[in-house]
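Single-structure report; data block below.
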Amino acid sequence: MKMFNTLMLTTALAIVSLPVTAQELITVNMINPLPRSTNFYPLVVAEALGYFAQEGVEVNLLPSDTSIPYVAFVQNGQADLAMLDPVETVNARLAGANITTVYEVMQNAPEAIGVLDSSAYDSVDDLVGTTVGLVSDRDRAFLQASLDVMGKSIDDVQTVVLGESGPTLAAAIRDSQVSAISGAAPDWIALNANGIKVRLITPDEMLASPANTFAMNADMVEEKRAGIEGFLKAWSKGMYAASVNREMVAQALRKGVPAEWEDEAAGQLYLDMSIGMNQSTTERLGDLQTGVWTALQPRLLSSGAIPELVDVSTFLNDTYIAAANDFDRAEVEAQAAAWLEANK
Amino acid sequence: MTDNVKATSQPKTGQMVIHFTIFLALILSWELGAQMGWLDKLFFPAPSAILTSFWRIYVSQGNIWFHLYISLGLVFAGFTAGSILGVGLGAVVGMNATVRRFLQPYVIVLEATPRIAVAPLLIAALGFGATSKIAIIMLVCFFAPFINTLSGVINVDRDRFELMRSLGASKIQVLRKLVLPEAVPVIMAGERLALTSALSGVLVAEFIQRDQGIGTLILTYTRNLNMASAFACIFTLTLIGFLIFKGMERLDHRIAYWKNEAGLRRVGAKRARAWAAEQGGLARA
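Sequences listed follow chains A and B, in order. Residue 229 in numbering that gives the first Met the number 0 sits at position 230 of the first sequence; the count goes up by one each step and never skips. Residue 22 in numbering that gives the first Met the number 0 sits at position 23 of the second sequence; the count goes up by one each step and never skips.
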C-alpha cells in the first residue's frame with residue numbers, strides 16, 4: 000500500500016510539474032533542408048551540451064523538401080527561422096516578403112561544382128557544350144553565377160536535375176552521364192567516401208558566399224527576441240565547441256546522428272568539411288557581411304539568378320549578433336571536455 | 000483422418016521446400032553477382048552486407064527502433080482515420096441515392112488527383128508535424144475503403160433485397176441480414192489495400208517532412224550511399240507490409256467467416272456447441 004501511495008504521489012507530481020516545464024521553454028520553429036545532421040553540427044552539439052534548454056529554448060526542427068518556398072512558412076508563422084541562401088533571400092525581398100536576415104550560418108558556400116577526378120575538365124569554362132547535373136533546382140542559380148564569373152551563360156550548358164538520391168548522383172558522374180554536378184558538400188562527401196573521387200572546379204569568386212542564413216519575419220524581431228537570441232547563442236556555442244574540441248563534436252554526432260557515422264571515415268570526412276563551412280570567418284560568430292552581400296548581388300544579377308539589386312540594409316539586421324556572441328568561451332571549452340569525458 | 004492430414008500436409012511441405020530453394024538460389028546468385036562485380040553495388044549491395052546492416056541497425060546500433068516506432072504510429076493513426084472516414088462515408092453514400100448523386104462526383108475528382116502532388120499543400124495548410132503526416136496517410140487510405148464500401152452496399156443482390164422487403168423486413172434487418180454480410184468481404188478487401196497503402200503514405204510524408212521516421216532514415220542512408228542500410232530499411236518495410244497483409248487476411252477470414260469453408264465450419268461448430276449446451280440446460284430444467 001505504501002508503495003502504491005508513493006507511486007501515486009510521484010505520478011501526480013510528474014503530471015503537475017510537466018506543463019510548468021513545458022511553459023518555461025520558448026519553442027523556436029526552424030525550417031531547413033535536412034534533419035539533424037553533421038552538416039549542421041552546431042545544432043546537434045548545442046543539444047548534447049544542453050545549451051538550448053539553458054537558454055530557455057526548445058528547438059522544433061522542420062526539415063523539409065517541399066516545393067513550397069521556405070519563406071512562405073516564415074510569412075504564415077509556422078517557422079520562426081528559415082535557412083535561406085542569398086538568391087532565395089534577395090528574390091523573396093523582391094517579391095515583397097517582409098523578411099530579414101539575422102545570422103549567417105555558413106560563411107563559406109557549401110555549394111560547389113564537382114567533376115570526376117580523372118576527367119579532363121579543369122574549369123567551369125570546360126563545361127560549355129556538356130550536360131551538367133543539378134542536385135536540386137536550387138543549384139541552378141549557383142551554376143548560373145559560376146558560369147557568369149567565367150563569362151559564360153547557363154545557356155552554354157545543358158542541365159538536368161538528378162535529385163538527392165546518392166546512387167543516382169554517383170552513377171551519373173561515374174558513368175559520365177553528366178560532365179559535372181552542381182551540388183553541396185554532403186553530395187561530394189558521400190561520393191569520395193565511396194571511392195568515386197570528385198574534384199571541385201568552383202571559381203574562387205564563388206567560394207566566399209554566405210549560405211543557409213537564418214531569415215525571419217521582420218515584424219517579429221522584437222516579439223521573438225528572447226527565443227531567437229537564446230537560440231542563436233546556443234547555436235554559436237555549438238559552433239565554437241568545434242573549434243576547441245573536435246573529438247567532443249565527433250562523439251556528439253556519433254550519438255546524435257548515428258546513421259551518418261556508420262562508416263567512421265565517412266563521418267569524419269563529413270565533419271571536417273562541415274567545420275570548414277560552419278565556422279564563422281567573421282570576428283563575431285554568425286555576423287552579417289554587408290560587403291559580401293553587396294558584392295555578390297551583381298554576379299547574381301548578371302547570371303539572371305535575381306532580376307534586380309536590393310539594398311542590403313533593407314534586409315540585413317544584426318540586432319541579435321551581440322547577444323549570440325555573449326558567452327564565456329572558456330566555459331564552453333570546459334563543458335565540452337567534461338561532456339566528452341562522461342560520454343567516451 | 001490421419002491419412003487426410005498427411006495427404007494435405009505433404010504437398011504443403013513440398014511446396015515450402017521448393018519456395019525455400021528458389022529463394023536461396025536467388026540470394027546466392029545475388030551475392031555471387033555482387034561479389035564478382037557483375038552487379039552494381041550502388042544499386043544492389045551484397046546480401047551479406049545487407050545482413051550486416053540488419054544486425055547493426057537492429058542490434059549493435061539499434062537506431063531503427065525509434066524511427067520504426069514513429070512511422071508505425073503514423074501508419075496506424077492515418078489508417079484508422081482514413082478507414083473510419085472511408086467506410087462511414089461509403090456506407091452513407093451507398094445507402095442514400097440523393098447523397099450519392101451530389102457527393103460522388105467530388106470524391107471521384109479527389110481520387111483522380113495525385114495524392115503526392117497534394118502532400119506539400121497539406122503540409123502548408125496544416126503545418127509541420129504529425130497532423131499533416133497523418134492527413135497525408137489518411138488521404139492515401141481513404142479511397143479503397145470508400146470505393147469498396149460503396150460498391151459493396153450498392154451491389155447487393157436485388158432479388159434478395161426485394162424478397163426481404165416483400166417479407167416485411169425493416170431497414171435495420173435488411174442492413175444486418177443482407178447488406179452487411181454481402182458488403183463486409185468487399186470492405187475488408189478495401190481495408191487490406193488501405194493498410195498496405197498506408198506504408199507508402201508514410202514514406203511520402205516522411206520524404207517531404209524529413210524529421211524522423213523510417214522514410215527519413217532511408218533518405219539519410221541513400222544520401223550517404225550507405226545502400227546496404229537503406230536496403231535493410233526497405234526490406235523491413237517489405238516485411239511489415241507482408242505481415243500486415245497476412246494479418247488482415249486472417250482478420251478477414253474471421254470477420255467474414257461465411258465466405259470460407261473453414262470459417263463456416265468453425266462458427267457452425269461453435270453454434271452447435273452453444274445450442275447443445277442450451278438444450279442440455281433445458282432438459283435438466
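For every residue, glycine included, the Cβ atom is placed at its ideal position computed from N, Cα and C.
Count the other C-beta atoms from every protein chain shown that fall within 10 angstroms of the C-beta of A:N324, then say buried if there are 16 or more, exposed otherwise.
Here residue 324 of chain A corresponds to residue number 325 of the first sequence, with the count starting at 1. A:N324 is classed as buried because its beta carbon has at least 16 other beta carbons within 10 Å across all chains shown.
Would you call B:M15 buried or exposed, if buried means 16 or more other Cβ atoms sit within 10 Å of its Cβ?
Walking along the second sequence from the start, residue 15 of chain B turns up at place 16. Result: exposed.
Could you name the residues of chain A that B:E107 contacts, counting a contact when the two beta carbons are closer than 9 Å?
Position 108 of the second sequence, counted from the first residue, corresponds to residue 107 of chain B. Note that residue 107 of chain B is Ile in the sequence shown here, rather than Glu. Within 9 Å Cβ-Cβ: nothing; B:I107 doesn't reach chain A, min ~25 Å.
Counting only Cβ pairs nearer than 8 Å, list the residues of chain A close to B:D210.
On the second sequence, position 211 is the one that residue 210 of chain B refers to. Per Cβ cutoff of 8 Å: P34, L60, L61, P62.
Strictly below 7 Å CB to CB, what residues from chain B border A:A265?
Taking the first sequence and counting its residues from 1, the one referred to as residue 265 of chain A is at position 266. Within 7 Å Cβ-Cβ: N223.
The beta strand (DSSP E) that contains A:I30, what's its start and end?
Position 31 of the first sequence, counted from the first residue, corresponds to residue 30 of chain A. 25-31 is the extent of the beta strand (DSSP E) around A:I30.
Are A:M215 and A:V101 close, meaning C-beta to C-beta below 7 Å?
The residue labelled residue 215 of chain A in the question sits at position 216 within the first sequence. The residue labelled residue 101 of chain A in the question sits at position 102 within the first sequence. Cβ atoms of A:M215 and A:V101: closer than 7 Å.
Which residue wins for smallest C-alpha separation from A:S347, given the options A:Q267, A:F141, A:V159?
Since the first and last residues shown for chain A are 0 and 343, residue 347 of chain A lies out of range.
So within the region 203-277 of chain B, which uninterrupted alpha helix (DSSP H) runs reach at least 4 residues, ignoring any that extend past its ends?
213-222, 226-254
What whole-angstrom Cβ distance do B:L216 and B:C232 have, given they're in contact under 8 Å?
Along the second sequence, one-based indexing puts residue 216 of chain B at 217. Along the second sequence, one-based indexing puts residue 232 of chain B at 233. So it is a contact: roughly 6 Å between Cβ atoms.
What in chain B is Cβ-close to A:S118, meaning under 8 Å?
If you number the first sequence from 1, residue 118 of chain A lands on position 119. Going along chain B, no residue has its Cβ under 8 Å from A:S118, so there is no contact; the nearest lies around 19 Å.
Mapping DSSP to helix, strand and coil, what is B:I56?
Position 57 of the second sequence holds residue 56 of chain B. The answer is helix: DSSP assigns B:I56 an H, G or I state.
Please decide whether A:N191 counts as near chain B, where near means a Cβ-Cβ distance under 7 Å.
Here residue 191 of chain A is taken as the residue at index 192 of the first sequence, counted from 1. Answer no: the Cβ-Cβ gap between A:N191 and chain B never drops below 7 Å.
What is the DSSP secondary structure of B:L41, counted as helix, strand or coil?
Walking along the second sequence from the start, residue 41 of chain B turns up at place 42. Here B:L41 sits in coil by DSSP.
For A:V309, count the other beta carbons within 10 Å of its own beta carbon; 16 or more makes it buried, fewer makes it exposed. Which is it?
Translated into the one-based positions of the first sequence, residue 309 of chain A becomes position 310. So A:V309 counts as buried.
What does the alpha-carbon distance come out to for the pair A:E340 and A:N97?
As a working mapping, residue 340 of chain A is identified with position 341 in the first sequence. As a working mapping, residue 97 of chain A is identified with position 98 in the first sequence. Cα-Cα distance, rounded: 46 Å.
Where do the N-terminal and C-terminal ends of the alpha helix (DSSP H) with A:P68 fall, by residue?
Position 69 of the first sequence holds residue 68 of chain A. A:P68 -> no alpha helix (DSSP H), and no H or E assigned at all.
Shorter than 7 Å from the beta carbon of B:Q60 to some beta carbon of chain A?
The sequence position of residue 60 of chain B within the second sequence is 61, counting from 1. So, interface residue.
Can you find the residues in the same chain that come closer than 6 Å, C-beta to C-beta, to B:A76, ignoring five residues on each side of it along the sequence?
The residue labelled residue 76 of chain B in the question sits at position 77 within the second sequence. Hits under 6 Å: I133.
Taking B:F198 and B:G240 to be in contact with their CB atoms under 8 Å, please state how far apart those CB atoms are, rounded to whole angstroms.
The sequence position of residue 198 of chain B within the second sequence is 199, counting from 1. The sequence position of residue 240 of chain B within the second sequence is 241, counting from 1. The question names Phe, but residue 198 of chain B in the sequence shown is Leu. At roughly 5 Å, the Cβ-Cβ gap stays under 8 Å, so B:L198 and B:G240 are in contact.
Could you confirm whether any beta carbon from chain A is found closer than 7 Å to the beta carbon of B:A204?
Locating residue 204 of chain B in the second sequence gives position 205, counting from the first residue. No, B:A204 does not count as interfacial toward chain A.
I'd like to know if B:L41 contacts chain A, where contact means its C-beta is closer than 7 Å to some C-beta of that chain.
Your numbering for residue 41 of chain B matches position 42 in the second sequence. B:L41 counts as touching chain A.
Please list, in chain order, the residues of the region 232-258 of chain A that have any C-beta partner in chain B closer than 7 Å.
P257, A258
Counting only beta-carbon separations shorter than 7 Å, does A:G49 have a partner in chain E?
In the displayed structure, chain E is absent; the protein chains listed are A and B.
Thinking C-beta only, is A:A304 closer than 7 Å to A:Q143?
By 1-based counting over the first sequence, the position of residue 143 of chain A is 144. By 1-based counting over the first sequence, the position of residue 304 of chain A is 305. Yes, the Cβ-Cβ distance between A:Q143 and A:A304 is below 7 Å.
Taking the Cβ atom as the reference point for each residue, do A:L60 and A:M29 lie within a distance shorter than 7 Å?
The count along the first sequence starts at 1 and reaches residue 60 of chain A at position 61. The count along the first sequence starts at 1 and reaches residue 29 of chain A at position 30. Against a cut-off of 7 Å, the Cβ pair of A:M29 and A:L60 comes out as a contact.
Who are the neighbours of B:M226 on chain A, taking C-beta pairs under 7 Å?
Here the question's residue 226 of chain B lines up with position 227 in the second sequence. Those are P166, listed as they occur along chain A.
Could you tell me the alpha carbon to alpha carbon distance between B:Q34 and A:L146, rounded to whole angstroms?
The residue labelled residue 34 of chain B in the question sits at position 35 within the second sequence. The residue labelled residue 146 of chain A in the question sits at position 147 within the first sequence. In a straight line, the C-alpha of B:Q34 is about 42 Å away from that of A:L146.
Is it true that the region 160-169 of chain B meets the region 91-105 of chain B, where meeting means three or more beta-carbon pairs spaced less than 8 Å apart?
At 8 Å Cβ cutoff, the stretches do not touch.
With a floor of 3 residues, list each beta strand (DSSP E) that falls wholly inside the region 252-318 of chain A, ordered by position along the chain.
Listed in chain order, there is nothing to give.
What are the start and end residues of the beta strand (DSSP E) that includes A:F213?
One-based indexing of the first sequence puts residue 213 of chain A at position 214. Note, A:F213: beta strand (DSSP E), 210-216.
What residue range is occupied by the uninterrupted alpha helix (DSSP H) comprising A:S145?
For the purposes of this step, residue 145 of chain A is taken as the residue at position 146 of the first sequence. Its alpha helix (DSSP H) spans residues 137-148.
Of all Cβ atoms in chain B, is any one closer than 7 Å to the Cβ of A:Q348?
Residue 348 of chain A lies beyond the range of chain A shown here (0 to 343); nothing can be said about it.
Distance check for B:R159 and B:F234, CA to CA, integer angstroms please.
If you number the second sequence from 1, residue 234 of chain B lands on position 235. If you number the second sequence from 1, residue 159 of chain B lands on position 160. The alpha-carbon atoms of B:F234 and B:R159 are separated by roughly 47 Å.
Since B:M163 is in the alpha helix (DSSP H), which residue starts that stretch and which ends it?
Walking along the second sequence from the start, residue 163 of chain B turns up at place 164. Unbroken alpha helix (DSSP H) run through B:M163: 157-165.
Could you pull out every residue in the same chain whose Cβ sits closer than 6 Å to the Cβ of B:A276, ignoring the five residues on either side in sequence?
Your numbering for residue 276 of chain B matches position 277 in the second sequence. Within its own chain, no residue has a Cβ closer than 6 Å to the Cβ of B:A276 once the five positions on either side in sequence are excluded.
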